[in-house]
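Using our numbering, the first residue of the sequence shown is number 1, and each one after it goes up by one.
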Amino acid sequence: MEVKNKTIFITGGADGIGLATVKKLLAEGANVIIYSKSVEKLNDLSLDVGKTLIIKGDVTDRENVKKAMQGGIKKFGEIDILINNAGVARNEKFLETTEKDWDFIINVNIKGVFICMQEFIKEMRNEKLDMNGKMIINIASGAGEYGGGEIAVYSATKAGVINITQGLNEELKNLGIKWVTVCPGATDTKMFANLFPEEKPYHTTEQVAEVIYKTITEEIKPDNRLIVDVFHHMR
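As structure tokens, this is what we get:
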């Protein structure tokens with residue numbers, strides 16, 4: 001898919017991989033709707049107001065997600081791509097993980113993806129917009145494929161993201177949506193530094209953003225599990 005003048009809705013777009021992806025997409029001429037709890041981080045950036053729409057919100061808040069989708073469609077006419085990037089993690093041993101921690105991680109990483117995908121499809125239907133060729137990219141993690149010590153709950157949520165993407169590709173194939181899961185490895189983000197202060201990341205946020213961009217343009221194609229493994233494409 002050509003990115004120029006396409007409209008892309010991205011969650012968690014105010015920092016880390018999300019922000020790097022926003023910058024890359026804008027540089028390539030896309031319209032970008034940034035949905036994030038921490039939009040204040042964008043205040044120092046000179047973003048083209050004609051090409052961006054910034055909305056503060058939580059991915060677990062269905063009503064706000066719905067309004068954000070509607071706002072994006074109102075400004076740009078339609079939404080071509082949904083990128084579910086928002087995610088959280090806690091570096092805790094399994095036996096020390098509380099139910100509160102469990103609920104928080106599950107809600108953001110799984111429920112948030114569920115809500116955003118549902119509302120994206122519902123709003124496109126409400127507006128009677130053609131979904132054939134639209135794309136949903138869910139950002140998971142290498143941890144979702146292979147697991148990881150002391151991030152078992154996070155790994156479980158990312159495995160869930162991989163599996164729901166595969167399942168919906170089958171269930172909703174009549175809609176013509178392209179489904180992809182992008183799985184970064186250890187990336188140079190604040191979250192990774194907080195989780196693993198002694199470890200070196202494999203790649204930068206800009207490198208991950210480049211892989212996401214090339215996934216959209218189909219220069220990089222997912223494997224038969226609908227996964228794009230970032231580490232594989234950075235070697």
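Using N, Cα and C, we set each Cβ at its ideal position, and we do this for glycine too. For clarity, every value in this text was computed on a predicted model and none was experimentally measured.
For Val228, the uninterrupted beta strand (DSSP E) segment begins and ends at 227–229.
When secondary structure is reduced to three states using DSSP, Lys75 falls in the helix class. If only uninterrupted alpha helix (DSSP H) runs of at least 4 residues are considered, those enclosed by the region 48–117 are 62–76, 99–106.
Spanning the alpha carbons of Leu168 and Ser36 requires a straight line of approximately 25 Å. Per DSSP, the continuous beta strand (DSSP E) segment holding Phe9 begins and ends at 7–11.
Contact between Asp15 and Lys56 does not hold, since the beta-carbon distance rounds to 14 Å and is not under 8 Å. Judged by DSSP in its simplified three-state form, Thr181 adopts strand. The three-state secondary structure of Met124, taken from DSSP, is helix.
Beyond the five residues adjoining it in sequence on each side, Thr189 comes within less than 7 Å, by CB distance, of Gly16, Ile17, Thr205 in the same chain, given in chain order.
Assignment of Asn224 by DSSP, reduced to helix, strand and coil, places it in the coil class. Secondary structure at Ser141: coil, using DSSP grouped into helix, strand and coil. Around the beta carbon of Thr217, fewer than 16 other beta carbons lie within 10 angstroms, which makes this residue exposed.
When C-beta atoms of the region 123–138 are compared with those of the region 168–177, three or more pairs fall below 8 Å, so the two segments count as touching. If you look at Tyr35, you'll find it in the beta strand (DSSP E) that goes 31–36. Beta-carbon to beta-carbon, Val108 and Ala86 are separated by about 6 Å, close enough to satisfy the 8 Å threshold. Assignment of Ile151 by DSSP, reduced to helix, strand and coil, places it in the coil class. Annotated three-state conformation of Thr204 is coil, per DSSP.
Bridge partners of Met135 according to DSSP: Ile81, Lys178. Beta-bridge partners assigned by DSSP to Thr187: His203.
Excluding the 5 residues flanking it on each side, Ser155 has same chain C-beta neighbours closer than 7 Å at Ala143, Gly144, Gly147, Gly148, in chain order. In this structure Val22 is in contact with Val32, their Cβ atoms being roughly 5 Å apart against a cut-off of 8 Å. Secondary structure of Val22 (DSSP, three-state): helix. Counting C-beta pairs with one atom in each stretch, the region 44–51 and the region 102–119 have fewer than three that are closer than 8 Å, which means they do not touch. The beta carbons of Thr157 and Ile115 sit about 14 Å from each other, so the pair does not count as a contact at 8 Å.
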